[in-house]
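Novice: Okay, handing you the structure first.
Here it is in structure tokens:
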């Protein structure tokens, strides 16, 4: 399945994270973030990643700037993915979210905690994080648009991000065509399973659909 970057984003708009996860699993790939969840009702992101990496503060000169540096340099429509090393402190709040919103970003995903959660929940702007805290950070930014690890998932600049109420999944840009093939097959199998359940089909039919959902497209054996 070939296509342009924009075509892939369009195709992903209505795909749930669960289906993307199943597609990655079929290919032996890992791309889901652990415990990084939406903070409010704005909980849908389909965009390509721009990345930011933080590390414990050393006070050394010549660091990369601050998170606003990354936001101002990010292209509109991208999602800011923040690697805090799974910090147990807040790293962003209302002001950072407003900065990203007015820059035209699609959202923020961070494996840190956040503050100003009441204000964030009122915004029509998706922010995903591991939780809430007023404990201040002792971190400094050490890289922009570099490979990062966020919530246990590897993210590179330009990777495809799909996020919803269930969490966040990363599709490596180098794997997007393969993943989209699996997604198309899985979506059809999901529909077939729903119909089979509604029709109270025999368990043999249900189990065969479950088997096929776990089998990579093109390698699905025909059952005798």
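Numbering (this note's numbering), first residue to last: 276 to 499.
Don't be surprised by glycine CBs; every beta carbon is placed ideally from N, CA and C.
All values reported here derive from a predicted model rather than from experimental measurement.
Classify residue 281 as buried or exposed, calling it buried when 16 or more other Cβ atoms lie within 10 Å of its own Cβ.
Specialist: Numbered from its first residue, the chain shown carries residue 281 at position 6. Exposed is the call here.
Novice: Is the distance from the Cβ of residue 387 to the Cβ of residue 357 below 8 Å?
Specialist: Here residue 387 is taken as the residue at index 112 of the chain shown, counted from 1. Here residue 357 is taken as the residue at index 82 of the chain shown, counted from 1. Closer than 8 Å, so yes.
Novice: Residue 383: which of 452, 326, 448 sits nearest, CA to CA?
Specialist: For the purposes of this step, residue 383 is taken as the residue at position 108 of the chain shown. Minimum Cα distance to residue 383 is reached at 326.
Novice: Indicate whether residue 299 and residue 437 have their beta-carbon atoms separated by less than 8 Å.
Specialist: Against the chain shown, residue 299 aligns to sequence position 24. Against the chain shown, residue 437 aligns to sequence position 162. No; because the gap between Cβ atoms is not below 8 Å, this pair is not in contact.
Novice: Do the CB positions of residue 344 and residue 380 come within less than 8 Å of each other?
Specialist: Taking the chain shown and counting its residues from 1, the one referred to as residue 344 is at position 69. Taking the chain shown and counting its residues from 1, the one referred to as residue 380 is at position 105. No; because the gap between Cβ atoms is not below 8 Å, this pair is not in contact.
Novice: To the nearest angstrom, how far is it from the Cα of residue 490 to the Cα of residue 393?
Specialist: As a working mapping, residue 490 is identified with position 215 in the chain shown. As a working mapping, residue 393 is identified with position 118 in the chain shown. Roughly 44 Å separates the two Cα atoms.
Novice: On a CA-only basis, which of 477, 348, 402 is nearest residue 369? Give me that one, please.
Specialist: Here residue 369 refers to the residue found at position 94 of the chain shown. The shortest Cα separation from residue 369 among 477, 348, 402 belongs to 402.
Novice: Looking at the strands, I want to know which residues DSSP matches up with residue 335.
Specialist: Counting from one through the chain shown, the residue named residue 335 turns up at place 60. Residue 335 pairs with nothing; no bridge assigned.
Novice: Taking C-beta to C-beta, are residue 312 and residue 442 nearer than 8 Å?
Specialist: Your numbering for residue 312 matches position 37 in the chain shown. Your numbering for residue 442 matches position 167 in the chain shown. For residue 312 and residue 442, yes; Cβs fall inside 8 Å.
Novice: Please state the DSSP three-state secondary structure of residue 406.
Specialist: Looking up residue 406 in the chain shown gives position 131. Strand.
Novice: Residues in its own chain within less than 7 Å of residue 453 by CB, not counting five upstream and five downstream?
Specialist: In the chain shown, residue 453 corresponds to position 178, counting from 1. Shown here for residue 453: same chain residues with a beta carbon closer than 7 Å to its own, the five before and five after excluded, namely 302 in chain order.
Novice: How would you write the range of the beta strand (DSSP E) that residue 428 sits in, first residue to last?
Specialist: Taking the chain shown and counting its residues from 1, one reaches residue 428 at position 153. That run of the beta strand (DSSP E) goes 428 to 430.
Novice: At what residue ranges does the region 369 to 425 contain a whole run of the alpha helix (DSSP H), taking only runs of 4 or more?
Specialist: 369 to 378, 392 to 397
Novice: Taking the Cβ atom as the reference point for each residue, do residue 448 and residue 460 lie within a distance shorter than 8 Å?
Specialist: Translated into positions along the chain shown, residue 448 becomes position 173. Translated into positions along the chain shown, residue 460 becomes position 185. Not in contact: residue 448 and residue 460 (Cβ atoms no closer than 8 Å).
Novice: Quick check: what's the CA-CA separation for residue 359 versus residue 467?
Specialist: Start at 1 with the first residue of the chain shown, and residue 359 comes out as number 84. Start at 1 with the first residue of the chain shown, and residue 467 comes out as number 192. Roughly 41 Å between the two C-alpha positions.
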